[in-house]
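Have a look at the structure below before the remarks.
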Amino acid sequence: MGLRWLDALVVVAYMSAMVAIGFRFAQRQTTTESYFVAKRSIPAWALGMSLLATIISAVTFIAYPGAGYAGNWSMLVPGIMVIAVLAIVGSVIIPFYRHTVGMSAYEYFGNRFGYPARAYSSLAFVVGTFSKMAFIVYLLGLTIAGMTGWRLDTIVVGVGTVTTFYTLLGGWEAVIWADVVQGFILWIGILICVGYLLFLPPGGPSAVWALAHANHKFAMGSTELAFSKPTIVVLSIYGFFWYLQKYTADQTMVQRYLSAKSDKEALRGLILGAALCIPVWVLFMFIGTQLWAFYKLTGESVPTFITKADQVFPYFIRTHIPAGVAGLFIAALFGAAMATLSSDLNCISVVVVEDFYRKVWLHATDGHRLHIAKYLVAICGAAVVIFAIQLGRNQGTALSLWYTVSAIVAGGVAGLFLLGFLSTRANRQGAYAGIIANLVFTAWATLTLNGGSFLNLGRYNFPLHEYMIGAIGHIVLVVVGYPMSLFFQGTSANMEALTLWGWLRRDPAPVLPLNGQ
1206 MGLRWLDALV VVAYMSAMVA IGFRFAQRQT TTESYFVAKR SIPAWALGMS
1256 LLATIISAVT FIAYPGAGYA GNWSMLVPGI MVIAVLAIVG SVIIPFYRHT
1306 VGMSAYEYFG NRFGYPARAY SSLAFVVGTF SKMAFIVYLL GLTIAGMTGW
1356 RLDTIVVGVG TVTTFYTLLG GWEAVIWADV VQGFILWIGI LICVGYLLFL
1406 PPGGPSAVWA LAHANHKFAM GSTELAFSKP TIVVLSIYGF FWYLQKYTAD
1456 QTMVQRYLSA KSDKEALRGL ILGAALCIPV WVLFMFIGTQ LWAFYKLTGE
1506 SVPTFITKAD QVFPYFIRTH IPAGVAGLFI AALFGAAMAT LSSDLNCISV
1556 VVVEDFYRKV WLHATDGHRL HIAKYLVAIC GAAVVIFAIQ LGRNQGTALS
1606 LWYTVSAIVA GGVAGLFLLG FLSTRANRQG AYAGIIANLV FTAWATLTLN
1656 GGSFLNLGRY NFPLHEYMIG AIGHIVLVVV GYPMSLFFQG TSANMEALTL
1706 WGWLRRDPAP VLPLNGQ
């Protein structure tokens, strides 16, 4: 089993294009503003394509068709909640951030609640994002290895090196424009696959549709009002709070707001990104349904070594898609992972430089901070590669513990944002109490989940589905943080400017960070 020469040529061409993009923008990276936010020059259409490419990760590429193949379309429910989140926050959050912070989203938390809140939210982002990157690269390596026969370590090192290289050289501009290329490749690959699977089985599209419909493959899940299993209610709550955190308190999203040409361009890009993501999710789910119908209608059997639904789509690409086109799919899979990885690498460098390094080296020049940012991209890229390789070799207790700790630390930031943004009475003492309460709750829920995988407290184990942990954590932070704030002195007038109510009553002049915390 190996990669056909035409497929290999397509993959090499794609990787070469990514490196070329890095070189293309390398000479422009002379300041931190250019390296972190592309001098605030990105047009809306490119921003939208970048959002598509970075949200549609390698996990989506594999998990959605797998879910559509094995079951129904319930995994689509969380994604649909992006519409509700955008309707609530889109027209307010974007201009608020663009006129309130410089380059890090977590500047807001420092100005609103003091530096400890900024440090906590920044650390939560770094830990959670690093864990996500390592897992995505590992999953990509595992999938590509199964399709090509290449060694997992080789794939991980290759994708990590290329992504780190073009991100380090070209900064945020290279990230955005590489995302645009990756987004186009993704769309082309999906449309080809959907069309191919519609007409490949006997009976064509009508047979595929009729069989899938008769077997309820398009169902969106259980409507039961239960919170201990992934019902529509649980999936909706999970999706709402996940996208709420993504769009209000995630550096990868806020950095895109900041890099747009204007407030209107940022909002248009955000809407375009969501408008592109939803049909991609639908098509990925449909591909899974089509794969199920294909094997039913043709009578062809899935090999015994395919033990998980997530493996069916990569197997189909390798065995049924023509040479060249299969290479395009493999390139799209690489692109899905690399778009997420490149964005995360740059954003981690922003957060570490702006939220930590500048607090230590108060008099560091912009050029010095730029060099540090590039070193951070290189170091973080290498660390992700090492961690992903170790994940492939040893999925034991140490790594499980790391992911558990990261899940505990990375939660509650959206709750912290809501506490500060919606309440004029909230203050730093209440916020710190809310953070502690969130950490305690998340630790208990995570450690006692599934009957106590790490810690068994019997009837005191967390009784709900794991998707509820993040949502409840945000609520806990607000519910504890607000009343605790009432015990302390009220928020001053300059803090009110950093709330929704102060923002709505603002002067037309931009609101600048108040104290640089």
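Numbering follows our numbering, with no gaps: position 483 of the sequence shown is 1688.
All C-beta atoms, glycine included, are put in the ideal place defined by N, C-alpha and C.
Asked	Found
Close Cβ partners of I1623 (< 6 Å) along its chain, the five nearest in sequence each way excluded	Residue identity check: residue 1623 is Leu in the sequence provided, not Ile. Only V1683 meet the Cβ criterion.
Helix, strand or coil at I1526 according to DSSP, with G and I counted as helix	coil
F1301 burial status per 10 Å Cβ neighbour count (16 or more: buried)	buried
Same chain only: Cβ atoms within 7 Å of K1451, ignoring 5 sequence neighbours per side	M1458
Touch test, the segment 1477-1492 against the segment 1249-1264, Cβ-Cβ under 8 Å, three pairs minimum	yes
The segment 1284-1297 in contact with the segment 1464-1478 per 3-pair CB rule at 8 Å	yes
Span separating the alpha-carbon of F1518 from that of V1438	28 Å
Pick from T1453, P1435, Y1520, I1584 that is closest to V1297, judged by C-alpha positions	T1453
Per DSSP, cross-strand counterpart(s) of A1465	I1247
Rounded straight-line distance, which links the Cα of T1368 to that of L1391	17 Å
Residue environment, T1549, which counts as buried when at least 16 other CB atoms sit within 10 Å	Note on identity: in this sequence residue 1549 is Asp, with Thr being the wrong assignment. Looking at its Cβ environment, which holds 16 or more other Cβ atoms inside 10 Å, D1549 is buried.
Backbone secondary structure at G1276 - three-state DSSP	coil
Span separating the alpha-carbon of W1566 from that of I1299	30 Å
Best match in V1645, G1663, A1702, Y1665 for proximity to V1685 [C-alpha to C-alpha]	V1645
Of the listed residues M1490, W1250, L1345, A1310, nearest to L1328 (C-alpha basis)	A1310
Proximity to F1404 [Cα-Cα], best of A1631, T1366, L1488, F1499	F1499
W1649 to N1666 span [Cα, whole Å]	8 Å
Residue nearest to G1284 in terms of C-alpha spacing, selected from A1587, G1295, T1265	T1265
Own chain residues within Cβ distance below 6 Å of V1287, not counting five before or after	Y1448, A1479
Cβ pair count under 8 Å reaching 3, the segment 1555-1569 against the segment 1405-1412	no
Classification of F1318 by the beta-carbon crowding that lies within 10 angstroms, buried from 16 upward	buried
At least 3 beta-carbon pairs within less than 8 Å: the segment 1354-1371 vs the segment 1583-1597	yes
Range covered by the alpha helix (DSSP H) that runs through R1630	Here R1630 belongs to no alpha helix (DSSP H), and DSSP marks it neither H nor E.
Residue environment, E1470, which counts as buried when at least 16 other CB atoms sit within 10 Å	buried
C-beta contact flag for L1703 and F1592 at 9 Å	no
Cβ-Cβ distance between A1263 and A1569 below 9 Å	no
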